[in-house]
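Student: Let me begin by handing over the structure; questions about it come next.
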Amino acid sequence: MKAIAQPFIHTVLLPLSCFTLFLCLPSNSQAQQLTWEAFLESLADERTDLSEEQEASWDAFLEEIEQQHENPVELNRATRDDLRTLYFLSEEQIEAILNYRAEFGPILTMGEFLLIEEIDWDTRQLLYLFAYVEPPLPTSRRPFFSNTVRHEGNARIDIPLYQREGWPWQRGVANQWRWNTTWNKFQAGIRAETDAGEYMFNHRIKGWDSMGGYAMASQIGWLHTAIVGDYKLHFGEGVALSNAFQVGKTGLGNWRTTKGVRPHRSADEINYMRGAAVSIQPSKQWLLTAFYSIRQLDATVRADNTVQTIAKSGLHRSAHELEQRHALTSQATGAHVTWENGPWRMGATGLYQYYDHLLTRGQALYRQIYPEGYRFGVLSADYSYRRYPLNIHGETARSLSASGGAWGTCNQLSWRMGAGIQLSVVQRFYGMQYFSPYANSFVENGEVRNESGVCILFDANRIGPFSISTFADFFYSPWPRYTMTRQSRGGEGMLQARWAPSPTSTSLTLRYQVKSKERSDRRYWSHRMRATVEKQLTPIWLLRASALYHLYAMPNSDGLLKHSTGMAANILARYAPT
């Protein structure tokens, strides 16, 4: 224990405590608006608490919110659906903004959000990054079309300073290219990407490794959205169909996911549809969506022309990965209908999936609940009811296949106990043989299958000078997962407390996270502790110190606990002129 404590004191506690004393000195700093760079830094802190399964799609999530930042929502013309694209707004906050506009007219400045009780300080800071206000023109002067055309381009090239053995130097270069154009109610974009180690413009790959694009029209009469090319869908809780990013249980876990159809503009090579989708809105209450997608997926086709595993890395570097590339054709079609009236929202989804090779289970024990066949289907119903202080929403689905089907459901109840104080309970149950190829919902083990659990979350944005966020999650898998020979269960908990007497004063954030899970028929524990101190010295200078301590305990072959630890500390000075 002494061997662990001594480096912990010297590496983490000593520099942090010294810096904390310095930050407690008085300051005459003024209120500082949250900058985009500071927001990305806070997301980097959240990333350290993600699971292995969530890490895979984190970059796609960052690209999505970057698109939101580059295309902010105009709050005076925004519909309810437009406001729902802002991930951090709750349904209660959306309702409060719409009610304020209806009662007092157009919002003239962002400062008016101080008058809306439901919009707390943290939310106002995020609104500056993802939205703006513009006093509307009189109807007689508002043109249906404008000559304003907006172009956005992004390019990234990663050049290694070393050469990997067996690769020519140029194969180590990675690059991404993206271009989007917006004109009135029309959008279009193209993208291309090649990862390090992948081929370009040769006999194996004609062009970039991953290429795509889209063209979209929206809000034209009954036409809500029409898109051709690459797009994403999300309905209900994602139990039946979702290409959206799901963060999980940490601070970002309360962010909502945009529902409906939207373009795919990120470098994510897995989570999207390719084809066409259209949504029509014949009345204020009804929204009808239909879609079709055909894609070439990566898979290993066996000698008997069957497929056991669909590859999801998106990498094509080795001979085996190149052999998997575009080996499986996937076709999907379906529809969704939504009815919304007052506090009620109801929806139904139907999905039909066809593969051109037979999916088989193989011989491994954990795979005996996997689907078999060419054709699969899913039917689901989703709902939501919001009336202060309650917000209830969920989805229940039934999967269909020749080898059998199962039920899947995810439901959440949130109770607003006051301004900025919320208690939530999330329940999920996914049957052992439940299968939807596009399911992406609240889950611990990465797949929406063979899992049940309950998660309790509590958030208090402001109790005096304190902010508190905590959750406790308990999960269970009745069938053996990968590396297991029996059923498994586990739990995870987190407590975060933040002390900040005012938005401009010194702040201290402490977080403790613990997780217990089974792997290879043995239980392991993970403890993570983090402390962060911030001080705004002047309106343009910010100092931050943070420290992280991680303890990992895993039984070895003798049944004894084997401990490993990790420690880190850093001090950051950020210059952000207004």
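The sequence shown begins at 19 in our numbering and counts up by one. Glycine included, every Cβ here is placed at the ideal spot set by N, Cα and C.
1) Using the three-state DSSP reduction, which class does M218 fall into: helix, strand or coil?
2) Please confirm if the stretch 448 to 456 is in contact with the stretch 409 to 419, defined as three or more CB-CB distances below 8 Å between the two stretches.
3) Are three or more beta carbon pairs between the stretch 371 to 387 and the stretch 85 to 99 nearer than 8 Å?
4) Would DSSP call N588 helix, strand or coil?
5) Look up L126 in the DSSP assignment and say whether it is helix, strand or coil.
6) Quick one: complete beta strand (DSSP E) runs, 3+ long, within the stretch 479 to 545?
7) Taking 8 Å as the threshold (C-beta atoms), are E136 and A515 in contact?
8) What span of residues does the alpha helix (DSSP H) with Y146 cover, start to end?
9) Return the chain-ordered list of same chain residues with a C-beta closer than 6 Å to the C-beta of M547, the five sequence neighbours on each side being excluded.
10) Among M512, T527 and G511, whose alpha-carbon lies nearest the alpha-carbon of A518?
11) Shortest alpha-carbon distance to I589 belongs to which of R209, A549 and D477?
12) Can you find at least 3 beta carbon pairs, one from the stretch 428 to 442 and one from the stretch 401 to 413, that sit closer than 8 Å?
13) Quick one, are the C-beta atoms of G391 and L377 less than 8 Å apart?
14) Report the CB separation of S297 from T243 in whole angstroms; it is logged as a contact under 8 Å.
15) With a floor of 3 residues, list each beta strand (DSSP E) that falls wholly inside the stretch 268 to 333, ordered by position along the chain.
16) Have a look at the DSSP bridge pairing and note the partners of V191.
17) Whose C-alpha, out of N220, F460, D227 and W185, is nearest the C-alpha of S331?
18) Whole angstroms are fine: how far does the CA of P178 sit from the CA of A591?
19) Let me check understanding here. Comparing Cα to Cα, which of S520, G508, I328 and Y249 lies closest to S534?
20) Would you mind working out which of L441, S564 and V191 sits nearest I175, comparing C-alpha positions?
21) Using three-state DSSP, classify E152 as helix, strand or coil.
22) So, are the CB atoms of L147 and F57 less than 8 Å apart?
23) Just the C-alpha distance for N46 and T524, rounded to the nearest angstrom, thanks.
24) Just to confirm, are H252 and G293 a CB contact at a threshold of 8 Å?
25) Between which two residues does the alpha helix (DSSP H) containing R98 stretch?
26) Report the rounded CA-to-CA distance for I288 versus P455, giving the unit in angstroms.
27) Report the start-end ranges of each alpha helix (DSSP H) in the stretch 327 to 386 that is 4 residues or longer and not cut off at the edges.
28) What number of angstroms, rounded off, separates the C-alpha of R540 from the C-alpha of E510?
29) Are the beta-carbon atoms of R434 and Y406 separated by less than 8 Å?
30) Might you give, ordered along the chain, the residues of its own chain that have their beta carbon closer than 7 Å to the beta carbon of E152, omitting 5 neighbours on each side?
31) Given a threshold of 16 other Cβ atoms within 10 Å of its Cβ, counted over all protein chains shown, does I481 qualify as buried or as exposed?
32) Pick helix, strand or coil for Y118, following the three-state DSSP scheme.
33) What did DSSP end up calling W3 once you bin it into helix, strand or coil?
34) Along the chain, where does the beta strand (DSSP E) containing T427 start, and where does it finish?
35) Between which residues of its own chain and L315 is the CB-CB distance below 6 Å, once the five residues before and five after are set aside?
36) Following the continuous beta strand (DSSP E) through F204, name the residue where it begins and the one where it ends.
Tutor: Concretely, from the data shown:
1) DSSP places M218 outside both helix and strand once states are collapsed to three, so it counts as coil.
2) Yes, since at least three Cβ pairs between the stretch 448 to 456 and the stretch 409 to 419 fall closer than 8 Å, the two stretches touch.
3) Touching, no.
4) Here N588 sits in strand by DSSP.
5) DSSP places L126 in coil when its eight states are reduced to three.
6) Taking only runs of at least 3 residues, the beta strand (DSSP E) segments lying wholly in the stretch 479 to 545 are 484 to 495, 506 to 517 and 525 to 537.
7) It is not a contact, given that the beta carbons lie outside the stated cut-off.
8) Here the alpha helix (DSSP H) through Y146 covers W139 to F148.
9) Around M547, the same chain offers Y530 and Y567 as residues with beta carbons nearer than 6 Å, after the five sequence neighbours per side are excluded.
10) When only C-alpha atoms are compared, the closest one is T527.
11) Taking only the C-alpha atoms, the option nearest I589 is A549.
12) Yes: at least three Cβ pairs fall under 8 Å.
13) In this structure, G391 places its C-beta atom within 8 Å of the C-beta atom of L377.
14) Yes, S297 and T243 are in contact; Cβ-Cβ is about 4 Å, under 8 Å.
15) With a minimum length of 3 residues, the continuous beta strand (DSSP E) runs that stay inside the stretch 268 to 333 are 278 to 281, 291 to 298, 304 to 319 and 324 to 329.
16) None, per the DSSP bridge assignment.
17) Checked all of N220, F460, D227 and W185; the closest Cα to S331 is D227.
18) When rounded, the distance between both Cα atoms is 28 Å.
19) The option with the nearest alpha carbon to S534 is G508.
20) V191 is the residue among L441, S564 and V191 whose C-alpha sits nearest the C-alpha of I175.
21) Three-state result, E152: coil.
22) One thing to note: L147 has its Cβ within 8 Å of the Cβ of F57.
23) Residue placement at N46 is poorly supported in this model, since its pLDDT is 46, which falls under 50; the coordinates still yield a value, given next. Cα-Cα distance, rounded: 11 Å.
24) Between H252 and G293, the CB-CB gap reaches or exceeds 8 Å.
25) First-last of the alpha helix (DSSP H) with R98: R98 to R102.
26) Between I288 and P455, the C-alpha separation is close to 11 Å.
27) Note on the stretch 327 to 386: whole alpha helix (DSSP H) runs with a minimum of 4 residues are 337 to 342, in chain order.
28) The straight-line gap from Cα to Cα measures roughly 16 Å.
29) For R434 and Y406, yes; Cβs fall inside 8 Å.
30) Annotation for E152: E92 and N94 place their beta carbon closer than 7 Å to its own, counting only its chain and skipping 5 residues before and after.
31) I481 counts as exposed, since fewer than 16 other beta carbons sit within 10 angstroms of its beta carbon.
32) Secondary structure of Y118 (DSSP, three-state): helix.
33) Past the boundaries of the shown model lies residue 3; the chain is included only from 19 to 596, so the question cannot be answered.
34) T427 -> beta strand (DSSP E) spans W425 to G436.
35) Cβ-Cβ distances below 6 Å link L315 to I328, L346 and S348 in the same chain, with the five nearest sequence neighbours on each side left out; the list follows chain order.
36) Where F204 is concerned, the enclosing beta strand (DSSP E) stretches over F204 to T212.
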